[in-house]
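In the UniProt record's numbering, the protein residues as written are 1 to 109.
Even for Gly, the Cβ is constructed at its ideal location relative to N, Cα and C.
Structure first, then comments.
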Amino acid sequence: RADRPLPKALCTVRVRVCQAHSLAAKDGSGTSDPYVELWADGRMWRTSTKQKQLQPRWDEEMEVDIRSTSSVLHFVIFDWNRIGNHSFMGEIMLPLTALAADGTKLEQW
1 RADRPLPKAL CTVRVRVCQA HSLAAKDGSG TSDPYVELWA DGRMWRTSTK
51 QKQLQPRWDE EMEVDIRSTS SVLHFVIFDW NRIGNHSFMG EIMLPLTALA
101 ADGTKLEQW
């Protein structure tokens with residue numbers, strides 16, 4: 001089966017994942033090993049994992065190709081686990097319609 005090529009990008013959005021506050025402890029040590037997945041238009045980008053952190057700071061930037069005016073940026077935070085599944089910690093969805101159309105910087109949680 002041949003995969004269909006992705007539609008051409010309408011634009012590219014630069015996203016910076018800065019930090020998280022007051023995360024739940026998911027590990028037996030009373031900490032977590034969080035990372036963030038960013039999903040858009042069926043593609044995924046991932047931050048690094050911050051070991052033993054409840055107040056992680058990533059300051060990681062990624063460029064996301066947007067293929068539809070109805071696209072949504074879906075941020076999901078997980079606790080990394082060496083064995084078994086990674087533990088879900090939370091998520092937020094940001095519709096692109098919420099972004100500034102004039103290209104100005106938008107800071108949003």
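Query raised in the report: Where DSSP assigns a beta bridge to G90, which residues make up the other side?
Result: I77
Query raised in the report: Per DSSP, what kind of secondary structure is T12 in: helix, strand or coil?
Result: strand
Query raised in the report: Which residue's Cα is closest to the Cα of L96: V13, R82, K8, D79?
Result: V13
Query raised in the report: Roughly how many angstroms separate the alpha carbons of A25 and G84, rounded to a whole number?
Result: 17 Å
Requested in this report: Return helix, strand or coil for A25, following the three-state DSSP convention.
Outcome: coil
Query raised in the report: Around the Cβ of K50, are there at least 16 other Cβ atoms within 10 angstroms (buried) or fewer (exposed)?
Result: buried
Report task. Compare the beta carbon distance of W80 and V64 with 8 Å and say whether it is the shorter of the two. Result -> no
Query - Rounded straight-line distance, which links the Cα of Y35 to that of E61 - result: 14 Å
Query raised in the report: Taking the alpha carbon of A98 as the point to measure from, which residue in F75, S70, D41 has its own alpha carbon closest?
Result: S70
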